[in-house]
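Okay, so here's the structure we're looking at.
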Amino acid sequence: MYTSSPIKAKPSQYQAIDEAIRTSQFIQNKCWRYWMDNKGGGKYDLNKYCAVLAAEFPFAKELNSMARQSVAERAWFAISRFYDNCQKKVKALTSLSVKGKKGFPKFKKHSRSVEYKTSGWQLSETRKAITFSDKKGIGTLKLKGTWDLNYYDITQIKRVRLVRQADGYYAQFAIAVDAVDAMVEKSKKYSYAQKKARQKPSKNYHKARNRYARKHLRVSRQRKEYCKRLAYSVIQSTDLNVKGLARNRKLAKSISDAGWSTFRSWLEYFGVKYGKVTVAAEPRYTSQECSNWGQ
């Protein structure tokens with residue numbers, strides 16, 4: 002389960018976070034290049050290669066060793082997904098990737114996050130600040146809105162991710178916990194901004210991209226807030242195969258925008274938080290009308 006908190010820091014600390022993100026992107030691209038040049042390499046080969054990069058590049062060594070391992074894991078996740086798609090003979094969408102590549106890993110140009118595992122960071126007892134101890138110089142960051150973190154022990158936090166979004170910087174926490182029918186409407190909230198951002202790069206390209214990111218972030222938060230409020234009162238939901246439904250060419254974007262998976266995640270989150278039992282109903286025949294309805 003993930004929870005997020007806004008960050009308040011000095012300009013020099015924001016620059017240090019950006020440098021850590023760029024280093025993470027550099028290591029991930031290097032891992033992909035290593036895999037392309039050495040066919041047959043596996044997950045542990047990428048982990049070993051991170052040590053080679055740390056010895057060769059001083060700025061890579063400044064990043065925490067567990068953070069470098071996390072980058073290698075993310076690189077291998079993309080590679081393993083590509084292998085799975087090849088085995089399942091999944092057809093690549095021409096609008097998202099080169100035809101026939103089936104999700105072939107692409108080199109990153111605009112990464113937005115860096116992830117730390119179990120070391121390199123320390124959360125205060127009050128959950129109001131977090132300190133990063135690697136040589137990137139991030140230091141102690143103030144956290145806002147950490148009310149949810151007080152429900153969990155610090156030992157339950159398995160990963161911390163620093164994320165740069167359109168409206169600021171956030172700290173995301175991966176927390177280990179014990180383990181609806183909806184209508185689809187076409188979204189028009191940010192279609193115009195998305196269309197402008199798709200145009201070929203110009204002097205206003207990055208401004209349009211940032212405006213689109215802000216609109217997308219606003220819609221995402223509105224969707225998340227709606228799901229959170231609905232999850233307070235609804236305990237049973239339909240176990241929908243969202244990934245399968247999203248294969249519909251005409252409704253793929255609308256299905257993704259409906260936020261069914263987000264609703265399920267928040268429903269299970271509040272169920273665990275307040276000791277409630279959440280039930281995923283079998284989706285078969287749930288939309289079929291009863292012949293005796295209204296009698």
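Under the numbering used here, think of the first position of the sequence shown as 2, with each following residue one higher. All residues carry an ideal CB built from backbone N, CA and C; glycine is no exception.
Host alpha helix (DSSP H) of residue i (start-end)
i	result
residue 72	66-89
residue 27	12-38
residue 53	44-57
residue 263	261-274
residue 1	Residue 1 cannot be examined here, being either before or after the span of the chain that is shown, 2 to 296.
Three-state class that DSSP yields for residue i in the structure shown
i	result
residue 118	coil
residue 153	coil
residue 301	As displayed, the chain neither begins before 2 nor continues past 296, which places residue 301 out of reach and without an answer.
residue 169	strand
residue 159	strand
residue 112	coil
residue 178	coil
residue 127	coil
residue 247	coil
residue 285	coil
Neighbour-count burial assignment, residue i, 16 or more Cβ in a 10 Å radius
i	result
residue 132	exposed
residue 261	buried
residue 155	exposed
residue 170	buried
residue 280	exposed
residue 50	buried
residue 32	buried
residue 29	buried
residue 206	exposed
residue 77	buried
residue 108	exposed
residue 35	buried
residue 213	buried
residue 270	buried
residue 14	buried
residue 56	exposed
residue 148	exposed
residue 230	exposed
residue 178	exposed
residue 73	buried
residue 248	exposed
residue 59	exposed
residue 228	buried
residue 75	buried
residue 285	exposed
residue 104	buried
residue 12	exposed
residue 265	buried
residue 121	buried
Distance between beta carbons of residue j and residue i, contact taken as under 8 Å
i	j	result
residue 167	residue 222	So it is not a contact: roughly 11 Å between Cβ atoms.
residue 64	residue 135	6 Å
residue 172	residue 163	6 Å
residue 345	residue 61	In the structure as shown, the chain begins at 2 and stops at 296. Residue 345 is therefore absent and cannot be evaluated.
residue 1	residue 137	Missing from the structure shown is residue 1; the chain here goes from 2 to 296 and no further.
residue 106	residue 130	Their Cβ separation, rounded to whole angstroms, is 36 Å, which puts residue 106 and residue 130 out of contact at 8 Å.
residue 208	residue 263	The Cβ separation is near 29 Å, so there is no contact.
Minimum Cβ-Cβ distance from residue i to chain B less than 8 Å
i	result
residue 263	In summary, chain B is missing from the structure at hand, where a single protein chain is found.
Delimiting residues of the beta strand (DSSP E) encompassing residue i
i	result
residue 6	3-9
Any non-hydrogen atom of the ligand ADP within 7 Å of residue i CB
i	result
residue 126	What this structure holds is no ligand at all, so the ligand ADP is not there to describe.
Review point. Is the segment 139-147 in contact with the segment 2-18, if contact means three or more CB pairs nearer than 8 Å?
Key: yes
Point to revise | Any 3 or more C-beta pairs closer than 8 Å across the segment 40-52 and the segment 105-124 | key: no
Practice item. Give a yes or no on contact between the segment 15-32 and the segment 68-85, applying the rule of three or more CB pairs nearer than 8 Å. Key: yes
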